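For reference, the structure is listed below as structure tokens.
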Amino acid sequence: MAANIKAIKGTKDTLPSESYKLQYIEQAALDTAKSFGYHEMRTPVFEYTELFDRSVGETTDVVQKEMYTFNDKGERSITLRPEGTAGAVRAFLEHGLFNEPLPQKVCYLTSCYRYEKPQAGRLREFHQFGIECFGAASALADAEIIALAKQYFDFIGIEKLAVEINSIGCPECRKKYSEALKSFFESKKADLCETCLSRLDRNPMRILDCKSPVCSGIAADAPVVLDYICDDCREHFEKLQTYLKAMEIDFVVNPQIVRGLDYYTRTVFEFVSMDEKTKGLVLGGGGRYDGLIEELGGASLPACGFAMGLERLLIYMEESGIPFPEAPKCNLSIVTAGEGATLKALELASELRAEGYSVNIDIAGRSIKAQMKYANKLNSQFTVVIGDNELEAGEARLKNMADGNETVVSLAEFVSGFERAYLDSAIDLSGVDFSAMTQTDINNLFK
Ligand code: HAM
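Take the sequence shown: its position 153, counting from 1, is numbered 144 in my numbering, and each next residue is one higher.
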């Protein structure tokens, strides 16, 4: 027998028993984005390799070591997107969105591909929720993006999270900083890995995010960029801090953050888990990239954005026991005996489904006993058995599986009868004071 084919290392299947969790965090992300005026953009999973070389940067780990790049049948070099910003900027330019009122605010939910060493929270195929704001230079835009992300994390119930910010300045500041880094690393040349050696002349800042333990050990003592930024960049950074304080968003300035992608200018930030079980896990990050639109052929337009990893968010939630909404339920299983009952079940099920209920009927030709067993496995909230007797009497007994209570319901008015029983069984929210509750309390209520 041939061996079973397994999923590729670093990829993850999401089974029906788990997918509702992803749907919940994705929908909440889109809703939060919408409340800030960000609307969804979808771009292809693959792009010309050149797009990422020119945006993410040729001397980054992502481009040098991690991209899934191949030639298609027309001998064009194609890359599976390692992140969402480059494609969003390409689409912004290609569709002339710069002619629309600025700033243009877009968000996306995408799969990304990076050939990294798989480990907890580090996959080769992962998923990002991201937002991009095109055409706003003010630090207010950076602050709004951080506020959006923070509002989202608060909504989900992520409480132990540090907001770390830094400024890596403009290209002018970077020149001075690169010189300082060059002379620092020059004396440590003998210990740097080969990739970092090649970065020394071209882009010494990238040595700071090399994952090799030796290089990162050396980099820990390197000069920090915040000491090299110009007055304008400093003022921009100070304004950002003023705005964050005005919104009562706690943050720390971490001068070590440089981010691993080349397009950033000025603001960079990360959301880092402070929960004991996942301490240090970076849930999301972003920053300003004022030069990228021009680099990719557009006018000189400022921009900034943020992206977070959905798998990492799920890890945080699972590890710290943040509740998810209830898994979707089967509202009703119709158990049938005989062809007449099946035809009736088909009719009732389609009426109920059109009303939004989840209804299961027997499509496997099984016995009543086997159908009841299946209804139990599905966690059906209600069951109803329909056979010749019920068809003749024109009524059937609707059973609430939670308490065993039965209600006789007319088959001719089954939908309204079911609706009444369903609403009677729903939890009584009349005396609940939602205003005094946190999102986690509310989530718990529905659990
Ligand atoms: P990034 O920091 O490379 O930024 O990725 C954003 C988030 O994606 C990370 O914080 C992490 O949660 C998740 N992530 C990254 N790599 C992996 C992986 N191998 N496995 C699982 N999760 C991962 C960007 O991608 C920028 N495009 C963000 C941005 C948007 N900047 C401006 N606009």
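Heads up, the beta-carbon is just placed ideally off N, CA and C, and yes, glycines get one too.
None of these values were measured; they are calculated from a predicted model.
In this structure, the straight-line span from the alpha carbon of residue 75 to that of residue 50 is close to 19 angstroms. Contact annotation: residue 311 and residue 228 have beta-carbon atoms that are not nearer than 7 angstroms.
A buried status is given to residue 118, since no fewer than 16 other beta-carbon atoms sit within 10 Å of its beta-carbon. Secondary structure within the segment 185 to 255: the alpha helix (DSSP H) runs of 4 or more consecutive residues, fully enclosed, are 185 to 193, 204 to 210, 222 to 237 (chain order).
Relative to the Cα of residue 78, the nearest Cα in the group 113, 35, 112 belongs to 35. If you draw a straight line from the Cα of residue 291 to the Cα of residue 80, it is about 13 angstroms long. Residue 134 places its beta carbon 7 angstroms or farther from that of residue 272.
Per DSSP, the continuous beta strand (DSSP E) segment holding residue 299 begins and ends at 294 to 300.
Of the heavy atoms belonging to the ligand HAM, at least one sits nearer than 6 angstroms to the Cβ of residue 297. Comparing C-alpha distances from residue 372 to each of 195, 402, 324 shows the shortest one belongs to 324. Note on geometry: alpha-carbon atoms of residue 4 and residue 302 lie some 11 angstroms from one another.
For residue 273, the Cβ falls inside the 6 angstroms cut-off from some heavy atom of the ligand HAM. The Cβ-Cβ distance between residue 98 and residue 17 does not fall below 7 angstroms.
Beta-bridge analysis with DSSP links residue 38 to 70. In this structure residue 152 is in contact with residue 264, their Cβ atoms being roughly 6 angstroms apart against a cut-off of 8 angstroms.
Cβ contact annotation for residue 276 (same chain, cutoff 6 angstroms, sequence separation greater than five): 261, in chain order. The beta-carbon distance between residue 374 and residue 384, rounded to whole angstroms, is 18 angstroms. This is too long to meet the 8 angstroms contact definition.
In this structure, residue 389 places its C-beta atom within 7 angstroms of the C-beta atom of residue 400. The residues 335, 339, 377, 381, 382, 385, 386, 387, in chain order, have a CB closer than 8 angstroms to that of residue 402 in the same chain once the five nearest residues on each side in sequence are set aside.
When secondary structure is reduced to three states using DSSP, residue 97 falls in the strand class. Residue state for residue 303 is assigned as helix, using DSSP reduced to three classes. Taking C-alpha positions only, residue 270 is separated from residue 345 by approximately 46 angstroms. In this structure, the alpha-carbon of residue 342 lies about 19 angstroms from that of residue 330. Under DSSP, residue 26 shares a beta bridge with no residue.
Distance between residue 309 and residue 142, taken at the CA atoms: about 20 angstroms. For residue 74, the distance from the CB to the nearest heavy atom of the ligand HAM is below 6 angstroms.
Under DSSP, the beta-bridge partners assigned to residue 104 are 116.
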